[in-house]
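Shown next, in structure tokens, is the structure this report addresses.
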Amino acid sequence: MSDPTFDRLGIWNWESENVADEIEYAKYAESKGFDSVWQGESRLVRDAMTIMGAYTQVTDSVKFGPGVTNCYTRNVALMAQTFSTLHELSGGRAMLGIGAWWDPLASKVGIDRQNPLRYMWEYCTVLRKLLDLETVTYDGQYIQVEDIELDLVRANAEPRTVPIYIGATGLTMNKMSGELVGNGTIDGVYMNYLIPPSHNERAMEKLTEGVEKQGGTIDDVDRPQLIAVSMDEDADVAIDNARGLVTQYIGQQPHITKASGIDPEVGEQVGEELGGWPASAEDIERASRLVPDEVVTNIVAAGTPEDCVQKVADYCEAGCTEPSLYSLGPNVKEVIDVFAEFKAE
């Protein structure tokens with residue numbers, strides 16, 4: 024087997040011990056030739072926008088975006104305003120990864136996700152028009168705006184070329200995302216993690232169906248992907264280090280359980296042991312005993328450096344255009360160093 028190569032590489036930052044570490048990882052990734060830094064914002068941890076503002080001041084070339092924020096808690100006009108500002112601060116390096124969030128967290132903060140597909144379509148449609156500096160009136164089922172535009176009286180009044188990526192996991196969301204790429208609204212999808220490469224293949228079919236419906240091709244759809252990496256010279260240690268995260272997601276997020284291909288009964292048993300969201304460390308430890316090694320290695324790049332590189336290459340073979348590496352351990356720089364050796368020149 025020949026060594027894989029990666030045309031593009033990114034990292035994913037989320038919940039490091041302190042913010043300074045995440046800023047350092049962004050700088051280090053850039054120094055090693057990485058192309059992007061994605062900032063997690065799926066839970067109530069750190070605000071991605073604040074940290075990305077810091078990235079604009081300490082990096083020169085790497086692109087960055089939230090991986091992903093959600094389409095509910097920021098009004099569409101505020102989102103356009105925020106990314107117009109980040110575009111200015113970074114010299115055009117800002118990207119936007121946006122998803123439909125997840126329950127029970129959304130419902131716990133008062134968000135009713137009764138039709139996330141329609142909401143996302145309307146939100147992205149209005150957002151793109153605002154970033155293109157259009158004056159927008161839109162009367163949708165969920166989004167209604169009247170005669171608004173980015174008020175760039177003193178700022179550089181050029182359209183904000185901010186790539187938009189929908190964080191799509193479900194196959195229907197992938198098909199819709201393909202349609203939105205095809206009609207020029209978004210640029211691609213930010214493929215999810217804790218799913219097997221085989222799910223990528225199913226998503227590719229739906230992306231192709233959607234984009235071709237609008238007269239495009241799958242090559243029009245950019246497909247960066249968040250991929251969890253648990254790396255250790257001892258493969259058993261690496262797998263054990265990933266088990267807790269896998270346990271949390273398959274027990275708490277049904278869309279991940281469905282996409283992962285895990286036996287639904289296993290998912291239900293894990294969920295019962297966790298006892299809901301949030302779960303304590305003791306809950307996670309107890310439930311993780313139900314999660315075998317093969318479940319972990321099916322959805323995480325877990326093992327030796329060689330194992331991890333090959334698993335990430337499998338995701339790329341199945342449709343990912345840019346791996347976004349999330350180190351599950353403290354060895355973030357080691358993960359960056361290992362993958363930098365396989366970066367295409």
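Quick note, the sequence shown lines up with residues 24 to 368 if you use the numbering used here. Glycine included, C-beta positions come from ideal geometry on N, C-alpha and C. Fair warning: this is a prediction, and the values are worked out from it, not measured in the lab.
Within the stretch 213–255, the complete alpha helix (DSSP H) segments at least 4 residues long are 220–236, listed from N- to C-terminus.
Counting C-beta pairs closer than 8 Å gives fewer than three between the stretch 162–169 and the stretch 179–196, which falls short of the contact rule. Under the 10 Å beta carbon count, Ala49 is surrounded by 16 or more other beta carbons and is classified as buried. Nearest Cα to Ser350 within the set Leu175, Tyr51, Glu296 and Ala265: Ala265.
Under DSSP, Val60 takes part in a beta bridge, and its partners are Ile34 and Phe87. A check of alpha carbon separations from Ala226 across Gly274, Arg136 and Asp245 identifies Asp245 as the nearest.
Bounds of the alpha helix (DSSP H) holding Ile262 are Ala258 to Gln275. Assignment of Lys334 by DSSP, reduced to helix, strand and coil, places it in the helix class. Taking a C-beta distance under 7 Å as the contact criterion, Val252 and Val358 qualify as a contact pair.
Rounded to the nearest whole angstrom, the C-alpha separation of Ser311 and Ser65 is 22 Å. With contact defined as three or more Cβ pairs closer than 8 Å, the stretch 298–314 and the stretch 199–211 are not in contact. Rounded to the nearest whole angstrom, the C-alpha separation of Tyr213 and Val176 is 33 Å. As the crow flies, the alpha-carbon of Gly63 is around 16 Å from that of Ala52. Beyond the five residues adjoining it in sequence on each side, Lys334 comes within less than 6 Å, by CB distance, of Ala324 in the same chain, given in chain order.
Within a 10 Å sphere around the beta-carbon of Gly211 sit 16 or more other beta-carbons, which makes this residue buried. Pro220 counts as buried, since no fewer than 16 other beta carbons sit within 10 angstroms of its beta carbon. Using a 10 angstroms sphere on the CB of Leu297, the tally of other CB atoms reaches 16 or more, which defines it as buried. Spanning the alpha carbons of Thr270 and Asp337 requires a straight line of approximately 22 Å. Three or more beta-carbon pairs separated by less than 8 Å are not found between the stretch 279–299 and the stretch 227–245, which leaves the two stretches without contact. Looking at the DSSP output, Gly326 bridges to Met254. For Leu351, the secondary structure class from DSSP, reduced to helix, strand or coil, is coil. Beta bridge pairing from DSSP links Gly211 with Tyr188 and Asp245. When DSSP states are grouped into helix, strand and coil, Gln137 belongs to the coil group.
Between Ser107 and Leu173, the gap from beta carbon to beta carbon is short of 7 Å. Looking at the DSSP output, Val81 shares a beta bridge with no other residue.
Separation of Ala71 and Gln104 (C-alpha to C-alpha, rounded to the nearest whole angstrom) is 15 Å. Between Asp243 and the set Ile250, Leu230 and Leu249, the nearest pair of CA atoms involves Leu230. Taking a C-beta distance under 7 Å as the contact criterion, Ala363 and Lys86 do not qualify as a contact pair. Under a 10 Å Cβ-count criterion, Gly115 is classified as exposed, with fewer than 16 other Cβ atoms of the shown protein chains found around its own Cβ.
The shortest CA-to-CA distance from Thr73 to any of Leu32, Val318, Tyr161 and Ala117 is the one to Ala117. Boundaries of the alpha helix (DSSP H) around Leu297: Pro287 to Leu297. In the three-state reduction of the DSSP assignment, Glu181 falls in the coil class.
For Glu317, DSSP records no beta bridge to any residue.
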